[in-house]
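Contents: one structure, followed by commentary.
Chains as they are written, first to last, in UniProt numbering: chain A, 1 to 425; chain B, 1 to 210.
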């Protein structure tokens, strides 16, 4: 490994052994906390939101999940949507940080560590969303006692756990490498492993849905690579927006050239994601058979707002990132937010779309308040619009989990040595 | 090996819902829960027990009782992360262990027969102050998934499932699909039948005579 390094003359973004003593000095000076009143207020607010979320979650467990909008025919909802979304968001930071190190190419300036930390915060949120979705969270230990290793959900729990631990190890290794305590080769090996794990985590999350023959919308081999590309879109966008915000706050300096590089990368990812969408729609529609229901539902049916929302937001993001004269700071921020929202729209389509097509729709059955969200308006009425829309308590719990991710991120910004060294930008 | 299966003669079913009621009472099902539902085969554009289609030439009306299909290749069993839903090796019945279920509802999204699996979205509530049915039927729990067990508590005692007993039209047949001399094996050998969503490859153990 080190031979290769020497051979190709690796240019690493934030590791320079020669600068180590100076870096150590600088790290010592910066190990102390960062940030003023604003950051403290932010930490306080996100802590309060997290606490409210926990209270609502306890209410959901004690009063019953009947308080959510989920029902037997649409048995997953906002939590699993957000689980998919946050697994995706966690991609960006890790990939942005590890790809340059793994392949020995020039990176994106000093955002590497803070990017990985955003991954960690998002992964915690993703795990949090699975936990709040469970009916029996106290039985979580059974996952390890009675693991059914054939279940994609079990794969995901294993890979997600590994991913979280690996992200922490990777962050720690970067900090240690700056102090000269971890060799460049070791860091490079860790970054390769982290990168493989990042790709796996998105594929496995896709397989929770894509391997199910019962759901027309989900059952496609494209789903795994598509999840990877969607994750790259929203993950890169998150890193872009977060690093712009941190730059504005004076936390780090970020060369505009690095930002433009991120924007170009984002444009490529958005185009790949749209390409996959096009492939999938064509494959569903062309035989004019069962798959047509999926296309109708997206293009002109109940999910049309989210479908067209995704398309428009993707196009906006891609145009801003591709046209040089549009790459101003405010517009780049718009592009980042648009890309994130586009992927959120995609997640809503996937989750609700899976339940919107009922395999036994030709048969009418008895309806009870537990059958389907909009049971009062009859079966046809329940499926007329979106079959599922979250209940207030779900929004609250969801905000709480997001609050937890923000809290973790802000605590990291305040207390962890995530800032770039003085000599790199 | 035993492979329990059920044959339902849709030509004989009169849509009286007594089998659904028998199931509900036998298993002391909580309010708003039905493991066994008599669906109306009306194209889905009308409510249940109503005629579908257009008058006078294209009317659709029929009945199809649907509960867990106890598939030979069950989608639910594969995806359960803790093995709370499993196929009983002795009988081929797909069973559910309430004490193990973590309430992730993965089985509900995996099952193509939407609606045969129910989740207890709240603490089980009952219209009556006392439990009905068999004392051997397992107690219901909040926040776990349940479904038809083929009345495992009865069949393991050599009895038929509860839905068989009161069927007015004598439309239901029960037995061992692996035994060529059983009623069910003879019926599917001699009559035309269909199975629900055969294209999903789940190999249901419930056959519908048509």
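Using N, Cα and C, we set each Cβ at its ideal position, and we do this for glycine too. Given the structure is predicted, the values throughout are model-derived calculations rather than measurements.
- In this structure, the straight-line span from the alpha carbon of residue 127 of chain A to that of residue 83 of chain A is close to 7 Å.
- Residue 9 of chain B is outside the set of residues whose beta carbon lies under 8 Å from a beta carbon in chain A.
- When beta bridges are read from the DSSP output, residue 96 of chain B appears opposite B:85.
- Not flagged as an interface residue toward chain B: residue 284 of chain A, since no C-beta distance is shorter than 8 Å.
- Taking a Cβ-Cβ threshold of 8 Å, the residues of chain B close to residue 157 of chain A are 81, in chain order.
- When beta bridges are read from the DSSP output, residue 6 of chain B appears opposite B:174 and B:206.
- DSSP places residue 66 of chain B within a strand segment (E or B) once states are collapsed to three.
- Exposed is the label assigned to residue 11 of chain B, since fewer than 16 other Cβ atoms lie within 10 Å of its Cβ.
- For the region 137 to 157 of chain B, the residues whose beta carbon sits under 7 Å from a beta carbon of chain A are, in order, 142, 143 and 144.
- Where residue 87 of chain A is concerned, the enclosing alpha helix (DSSP H) starts and stops at 78 to 103.
- The way I'd put it, the region 366 to 378 of chain A doesn't touch the region 48 to 63 of chain A; fewer than three beta-carbon pairs between them come closer than 8 Å.
- Contacts with chain A (Cβ-Cβ distance below 8 Å) from the region 88 to 106 of chain B involve 100, 101, 102, 103, 104, 105 and 106, listed in chain order.
- Two segments are said to touch when three or more pairs of C-beta atoms, one from each, lie closer than 8 Å; by this definition the region 95 to 113 of chain A does not touch the region 60 to 74 of chain B.
- For residue 60 of chain B, the enclosing beta strand (DSSP E) covers residues 58 to 60.
- For residue 361 of chain A, the C-beta contacts it makes with chain B under 8 Å involve 44, in order along the chain.
- Residue contact check for residue 36 of chain B against chain A: no CB pair falls below 8 Å.
- Residue contact with chain B for residue 390 of chain A: absent (no Cβ-Cβ distance below 8 Å to any residue of chain B).
- Residue 40 of chain B has A:364 and B:63 as its beta-bridge partners, per DSSP.
- For residue 260 of chain A, the closest alpha carbon among the candidates A:323, A:374, A:193 and A:183 is that of A:323.
- Three or more beta-carbon pairs separated by less than 8 Å link the region 98 to 114 of chain B to the region 140 to 152 of chain B, which places the two stretches in contact.
- Excluding the 5 residues flanking it on each side, residue 231 of chain A has same chain C-beta neighbours closer than 6 Å at 88, 91 and 202, in chain order.
- Residue state for residue 54 of chain B is assigned as strand, using DSSP reduced to three classes.
- The beta carbon of residue 161 of chain B is closer than 7 Å to those of 150, 151, 154, 155 and 174 in its chain, skipping five residues each way along the sequence.
- At a cut-off of 8 Å, the C-beta of residue 118 of chain B has a neighbouring C-beta in chain A.
- No Cβ of chain A is located within less than 8 Å of the beta carbon of residue 172 of chain B.
- With a threshold of 16 other beta carbon atoms within 10 Å, residue 329 of chain A falls short and is exposed.
- Of all residues in the region 184 to 204 of chain B, only 197, 200 and 201 place a beta-carbon less than 7 Å from a beta-carbon of chain A.
- For residue 156 of chain B, DSSP records no beta bridge to any residue.
- Your pair residue 402 of chain A and residue 125 of chain A checks out as a contact, with CB atoms roughly 6 Å apart and the cut at 8 Å.
- At least one beta carbon of chain B lies nearer than 8 Å to the beta carbon of residue 66 of chain A.
- By a beta-carbon distance limit of 8 Å, residue 52 of chain A does not contact residue 407 of chain A. Their separation comes to about 12 Å.
- Going by C-alpha positions, residue 393 of chain A is about 15 Å away from residue 76 of chain A.
- For residue 267 of chain A, the nearest beta carbon of chain B is not closer than 8 Å to its own beta carbon.
- Annotation: the continuous alpha helix (DSSP H) that includes residue 383 of chain A extends over 378 to 384.
- Between residue 37 of chain B and the set B:115, B:62, B:108 and B:14, the nearest pair of CA atoms involves B:115.
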